[in-house]
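Written out below as structure tokens is the structure these notes cover.
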Amino acid sequence: MTHVFYRNSRSTPPTATRGEGAYIYDDTGKQYLDGSGGAAVSCLGHSDPDVIAAVQTQVATLDFAHTGFFTSGPAEALAERLVTHAPDGIDRVYFVSGGSEAVETALKMARQYFVETGEPQRTRFISRKQSYHGNTLGALAAGGNVWRKEKFAPLLADTAHISPCYAYRGQEAGESLEAYGQRVANELESELQRVSPETVIAFIAEPVVGATLGAVPAVPGYFKRIREICDRYGVLLILDEVMCGMGRTGTLFACEQDGVAPDIITIAKGLGAGYQPIGATLCTNQIHEVFVQGSGFFQHGHTYIGHPVACAAGNAVVTKLTDGGMVARAAQMGEKLDQALRDAFGDHPHIGDIRGRGMFRGLEIVEDRASKSPFDPARGINKRVKAAAFEAGLICYPMGGTVDGQRGDHVLLAPPFILTDDQIGELIEKLGTALQSALS
Ligand code: PMP
1 MTHVFYRNSR
11 STPPTATRGE
21 GAYIYDDTGK
31 QYLDGSGGAA
41 VSCLGHSDPD
51 VIAAVQTQVA
61 TLDFAHTGFF
71 TSGPAEALAE
81 RLVTHAPDGI
91 DRVYFVSGGS
101 EAVETALKMA
111 RQYFVETGEP
121 QRTRFISRKQ
131 SYHGNTLGAL
141 AAGGNVWRKE
151 KFAPLLADTA
161 HISPCYAYRG
171 QEAGESLEAY
181 GQRVANELES
191 ELQRVSPETV
201 IAFIAEPVVG
211 ATLGAVPAVP
221 GYFKRIREIC
231 DRYGVLLILD
241 EVMCGMGRTG
251 TLFACEQDGV
261 APDIITIAKG
271 LGAGYQPIGA
281 TLCTNQIHEV
291 FVQGSGFFQH
301 GHTYIGHPVA
311 CAAGNAVVTK
321 LTDGGMVARA
331 AQMGEKLDQA
341 LRDAFGDHPH
351 IGDIRGRGMF
361 RGLEIVEDRA
371 SKSPFDPARG
381 INKRVKAAAF
391 EAGLICYPMG
401 GTVDGQRGDH
411 VLLAPPFILT
421 DDQIGELIEK
431 LGTALQSALS
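Encoded structure:
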């Protein structure tokens, strides 16, 4: 008998008892290869001695000091480390406990920025259809995933949505990738004009879309055009790197590969690598200065912001990612994973697309490759793949997205960067078994 309220209210999952490297073990001793790092969390695997030591030392030195009274060494050190590697202009870091809090913080920071600068009529956000930015009411409202929102719709602020940059389904015959990217980016300008640009606070998007589309990067030039449009209308650009940030795509910040510097970036998941719950909202000095010169106070806050133990874990993680070469390893092993996926599933009759960057890869499952038509949602393909993979000892992250109004299926892979060549082989073999069993 369990008293824990699980996501799936009708069943109790197996009990995880131990983690080692790229594996998790349950209480029966069964071994699972963590092919998705949970949900793109465990970038360093499960028993990293340096992160464990940093957590142990910090908790024994200073467990907690409320930021209403103090800053702390770990918070200062982690902020400095992040800012050193962040895109141009990003200069301040607001620590929180996870991704939804980071997005919620970004939305409120952006809103208060305009209140302080005398533009209180800016009250809405624009995001992309099918996007997911977190489960708290503000972050949920900002997202565009209908299924996740529909039960809560009456409680959610109205957000405008444009098309995602999703070349596999959106690119028209004869259209170049660049032209496609400009066309969908230009939807932001049309939408701004439709809702009146002076009413918009910010545009929010993931540089590489994770959970809702399955590791879909924007096409070249897309985010540069988005940046231009935001600048033209004085709208802030928030990039949500909760899932794709912290080295996952082969650079510490995913947006480095798009050549844009946003006004605000959210990170979480890989920042604590699973050793501690931590997220952060990073912003430009320009935004921070407005708060300094204005009310002097960001009207926000949570009890655990800047938690010393979480920041100590984050510091050890980011040190390994940067100085320790793990971001470079994510780029290198990511190429190998991509090649292995193409070799194994490139001709698979039901794999329509293989995509992603670094150790962030997605497979789109279709009924028919030529027409790209998805399977009937009633077949629950993504759930079947998840169950069959789990049975075979592989944790992966299959999801259903909405494809042209219909549910479609994809598998997201986000393994630890420490994955070895042999473990890539194991992942491919187990995924093959799962696909065969789920699709038969
Ligand atoms: N933004 C993105 C892009 C995410 O993928 C997620 C989590 N999947 C969140 C925000 C919310 O993060 P959390 O679950 O840590 O609250």
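Sequential numbering from 1 applies to the sequence shown in full-length UniProt numbering.
By construction, the Cβ of each residue, glycine as well, lies at the ideal position given by its N, Cα and C atoms.
Because the structure is a prediction, the values reported are computed rather than measured.
In this structure, how does DSSP classify residue i when only helix, strand and coil are distinguished?
| i | result |
| --- | --- |
| ILE278 | coil |
| ASP409 | strand |
| GLU116 | helix |
| VAL146 | helix |
| GLY170 | helix |
| SER295 | coil |
| CYS165 | coil |
| LEU236 | strand |
| PRO398 | strand |
| SER437 | helix |
| residue 449 | Outside the modelled stretch of the chain, which goes from 1 to 440, sits residue 449, for which no answer is possible. |
| THR15 | coil |
| PRO416 | coil |
| ALA261 | coil |
| VAL208 | strand |
| THR251 | coil |
| PRO374 | coil |
| ALA110 | helix |
| ALA141 | helix |
| PRO154 | helix |
| VAL216 | strand |
| THR303 | coil |
| CYS283 | strand |
Are there 16 or more other CB atoms within 10 angstroms of the CB of residue i, so buried, or fewer, so exposed?
| i | result |
| --- | --- |
| VAL208 | buried |
| ASP353 | buried |
| THR303 | exposed |
| GLU198 | exposed |
| VAL184 | buried |
| PRO14 | exposed |
| MET399 | buried |
| THR12 | exposed |
| GLY250 | buried |
| ASP231 | exposed |
| ASP50 | exposed |
| ASP158 | exposed |
| residue 445 | Here the chain has residues from 1 to 440 only, and residue 445 is not among them. |
| LYS386 | buried |
| VAL174 | First, the amino acid is wrong: residue 174 is Gly here, not Val. That one is exposed. |
| GLN436 | exposed |
| GLY29 | exposed |
| ARG384 | buried |
| GLN31 | exposed |
| GLN286 | exposed |
First and last residue of the beta strand (DSSP E) that includes residue i?
| i | result |
| --- | --- |
| ALA202 | 200–205 |
| ARG194 | From DSSP, ARG194 is part of no beta strand (DSSP E) but of the alpha helix (DSSP H) over 177–195. |
| ARG124 | 124–128 |
| GLY352 | 351–357 |
| THR266 | 264–267 |
At which residues does the alpha helix (DSSP H) containing residue i begin and terminate?
| i | result |
| --- | --- |
| ASP368 | Taken as a continuous stretch (DSSP letters only), ASP368 belongs to no alpha helix (DSSP H), as it is neither H nor E. |
| LYS336 | 326–345 |
| CYS311 | 308–321 |
| ARG384 | 381–392 |
Shorter than 7 Å, the distance from the beta carbon of residue i to the closest heavy atom of the ligand SAM, or not?
| i | result |
| --- | --- |
| GLY214 | The ligand SAM is not part of the structure shown, which contains the ligand PMP as its ligands. |
Along the chain, which unbroken stretches of the alpha helix (DSSP H) at least 4 residues long are found entirely within the stretch 19–103?
Within the stretch 19–103, the complete alpha helix (DSSP H) runs of at least 4 residues are 37–40, 49–61 and 73–85.
Given 8 Å, three or more beta-carbon pairs between the stretch 60–78 and the stretch 301–316
Touching, per the Cβ criterion.
Tell me, please, whether the stretch 257–275 touches the stretch 90–109 by the rule of three or more beta-carbon pairs shorter than 8 Å.
At 8 Å Cβ cutoff, the stretches touch.
Using 8 Å as the cut-off, can you tell me whether the stretch 107–118 makes contact with the stretch 277–294, which would need three or more C-beta pairs spanning the two stretches below that distance?
These segments touch.
Is it the case that the stretch 132–141 contacts the stretch 95–107, given that we only count it when at least three CB pairs across the two stretches are under 8 Å?
Verdict: yes, contact present.
Does the stretch 374–387 come close enough to the stretch 305–325 to have 3 or more Cβ pairs within less than 8 Å?
Because the criterion of three Cβ pairs below 8 Å is not met, the stretch 374–387 and the stretch 305–325 do not touch.
Taking contact to mean 3 or more Cβ pairs, one atom from each stretch, closer than 8 Å, check whether the stretch 181–196 and the stretch 212–232 are in contact.
The answer is yes - the stretch 212–232 touches the stretch 181–196, with three or more Cβ pairs under 8 Å.
Would the stretch 345–365 and the stretch 234–241 be scored as touching if the rule is three or more Cβ pairs under 8 Å?
No, the stretch 345–365 is not in contact with the stretch 234–241.
Would you call the stretch 413–429 and the stretch 38–50 touching, i.e. three or more CB-CB distances under 8 Å?
Cβ pair count under 8 Å is three or more, so yes.
Inter-stretch contact (C-beta, 8 Å, three-pair minimum) for the stretch 263–280 and the stretch 307–317
Contact holds: three or more Cβ-Cβ distances are below 8 Å.
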